[in-house]
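Going by numbering that gives the first Met the number 0, the first residue of the sequence shown is number 0, and it counts up by one from there.
Ideal Cβ positions, reconstructed from N, Cα and C, are used throughout, including at glycine.
Structure first, commentary second.
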Amino acid sequence: MEKRFGAVTDILENIPLFSTLDPAEREAICSHTITKSYPRNTIIINEGDTTQSLYIILEGKVKVFLSDSGGKEVTINMQGPGEYFGELALLDESPRSASIMTMEPSKFAIISKDDFDKVLTNNPTIALKLIRELTGRIRHLTENVKNLALLDVYGRVARTLLDLAEESDEPGVLVIRQKLTHQEIANMVGASREMVSRILKDLTLGGYIRVEGRQITIRHKLPPGW
0 MEKRFGAVTD ILENIPLFST LDPAEREAIC SHTITKSYPR NTIIINEGDT TQSLYIILEG
60 KVKVFLSDSG GKEVTINMQG PGEYFGELAL LDESPRSASI MTMEPSKFAI ISKDDFDKVL
120 TNNPTIALKL IRELTGRIRH LTENVKNLAL LDVYGRVART LLDLAEESDE PGVLVIRQKL
180 THQEIANMVG ASREMVSRIL KDLTLGGYIR VEGRQITIRH KLPPGW
């Protein structure tokens with residue numbers, strides 16, 4: 000376990016949720032903040048846990064997922080530096096609603112419920128921002144449920160690829176910079192790894208995408224059906 004001060008203060012300044020705080024307020028938060036590092040594939044939170052802390056991602060990447068007793072997983076979201084998780088348990092004091100696992104070596108700033116409550120009490124604008132961000136996450140989850148219910152497997156894979164893609168230096172070409180395995184994509188779309196592999200292979204053979212290692216480049220508009 001480590002404690003850091005200056006670096007966390009700088010990061011809080013660039014996170015929209017905390018950007019309205021003045022330097023003294025950010026330093027007050029950081030004085031009660033603990034930073035911890037974890038290796039890849041470490042479970043940070045288990046669904047059903049009763050822990051109550053806010054985690055801010057300083058380095059690395061995590062996945063938010065649900066699982067059943069048989070080990071089947073559905074990935075809800077992936078998050079990277081500057082994003083945070085654990086806020087729901089701070090607000091309603093209920094058990095954790097999902098599990099969190101690191102996808103690569105990661106570092107977090109951890110804020111306790113008591114300290115976070117003080118921040119909300121003294122800074123109502125943060126509470127408003129938190130509500131807005133939670134609303135955005137609910138909309139994202141609603142869209143995911145809609146896709147799972149109404150799209151076939153190919154449609155869900157195509158939608159996920161486009162959601163993850165960013166513009167590249169080459170006009171008209173999109174790139175997915177997150178390095179994902181076929182199983183990780185399958186967990187995001189609620190399908191088998193074999194089905195996802197077949198779809199990606201066909202898209203590659205058709206010249207729509209290029210796969211190099213675990214990086215996917217979308218070179219042409221994806222077809223409407225498979």
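Kindly list the residues whose CB is nearer than 6 Å to the CB of residue i, restricted to its own chain and excluding five residues on each side of it in sequence; keep chain order.
{"i": "residue 60", "result": "79, 102, 103"}
{"i": "residue 242", "result": "Examination of residue 242 is not possible in this model, given that the chain is present from 0 through 225 alone."}
{"i": "residue 39", "result": "101, 103, 104"}
{"i": "residue 182", "result": "192"}
{"i": "residue 128", "result": "16"}
Tell me whether the beta-carbon of residue i lies closer than 8 Å to the beta-carbon of residue j.
{"i": "residue 213", "j": "residue 159", "result": "no"}
{"i": "residue 122", "j": "residue 20", "result": "yes"}
{"i": "residue 125", "j": "residue 156", "result": "no"}
{"i": "residue 105", "j": "residue 37", "result": "yes"}
{"i": "residue 226", "j": "residue 31", "result": "In the structure as shown, the chain begins at 0 and stops at 225. Residue 226 is therefore absent and cannot be evaluated."}
{"i": "residue 44", "j": "residue 50", "result": "yes"}
{"i": "residue 35", "j": "residue 107", "result": "yes"}
{"i": "residue 207", "j": "residue 222", "result": "yes"}
{"i": "residue 96", "j": "residue 87", "result": "yes"}
Within 8 Å (strictly less), CB to CB, does residue i reach chain D?
{"i": "residue 48", "result": "Structure shown: chain D not included; a single protein chain is present."}
Name the DSSP bridge partner or partners of residue i?
{"i": "residue 209", "result": "216"}
{"i": "residue 195", "result": "In the DSSP output, where bridge partners are listed per residue, residue 195 has none listed."}
{"i": "residue 37", "result": "105"}
{"i": "residue 64", "result": "74, 98"}
Who are the Cβ neighbours of residue i in its own chain at under 7 Å, not counting the five residues just before and after it?
{"i": "residue 62", "result": "74, 77, 100, 102"}
{"i": "residue 52", "result": "85, 109, 110, 111, 112"}
{"i": "residue 187", "result": "74, 159"}
{"i": "residue 0", "result": "Any reading at residue 0 is ruled out, since the residue's pLDDT is 42, under 50, leaving its predicted position unreliable."}
{"i": "residue 218", "result": "172, 206, 207, 208, 209"}
Since residue i and residue j are thought to touch, with beta carbons under 8 Å apart, how far apart are those beta carbons, to the nearest angstrom?
{"i": "residue 165", "j": "residue 176", "result": "6 Å"}
{"i": "residue 94", "j": "residue 162", "result": "29 Å between Cβ atoms; not a contact."}
Under 8 Å Cβ to Cβ from residue i, same chain only, skipping five residues before and after it: list those, please.
{"i": "residue 13", "result": "81"}
{"i": "residue 98", "result": "42, 44, 45, 46, 63, 64, 65, 66"}
{"i": "residue 203", "result": "209, 210"}
{"i": "residue 71", "result": "none"}
{"i": "residue 150", "result": "158"}
Original post:
Which whole runs of the beta strand (DSSP E) in the region 85–131 are 3 residues long or more, in chain order?
Top reply: 98–101, 105–111
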